[in-house]
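Residues 11 to 75 in the numbering used here are what the sequence shown lists, from first letter to last.
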Amino acid sequence: MKFLGVLLIVYAAAVVGIAIVKPEKIWNIKKIESFRKVLGDKGTEIFFYIWAGIFLVLGVWLLAR
């Protein structure tokens, strides 16, 4: 479980990195383009931050167990 917790924390950091840097290869994936169309650029960033926050909390919870 500790390994999964660390993996989730790394995943959360990667998602925040994608939201901040916005690499074109990833930002132009169809699924993210759909998010951008519905939520707009800022809404998609906020969604990414919330998503990362959920996985960060889950990862820390798994490490604390």
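By construction, the Cβ of each residue, glycine as well, lies at the ideal position given by its N, Cα and C atoms.
All figures in this text were calculated on a predicted structure; none of them were measured in a lab.
query: What span of residues does the alpha helix (DSSP H) with Ile39 cover, start to end?
result: Element bounds for Ile39: n/a, residue is neither H nor E.
query: Going by the beta-carbon positions, is the gap between Phe58 and Ile28 smaller than 8 Å?
result: yes
- prompt: So Ile16 and Trp61 are in contact, right, with Cβ under 8 Å, and what is the actual spacing, rounded?
  reply: Note that residue 16 corresponds to Val in the displayed sequence, not to Ile. Val16 to Trp61, Cβ: 18 Å. No contact.
- prompt: Measuring CA to CA, which of Val70, Lys12, Leu14 and Glu55 is closest to Trp37?
  reply: Of the candidates Val70, Lys12, Leu14 and Glu55, Glu55 places its Cα closest to the Cα of Trp37.
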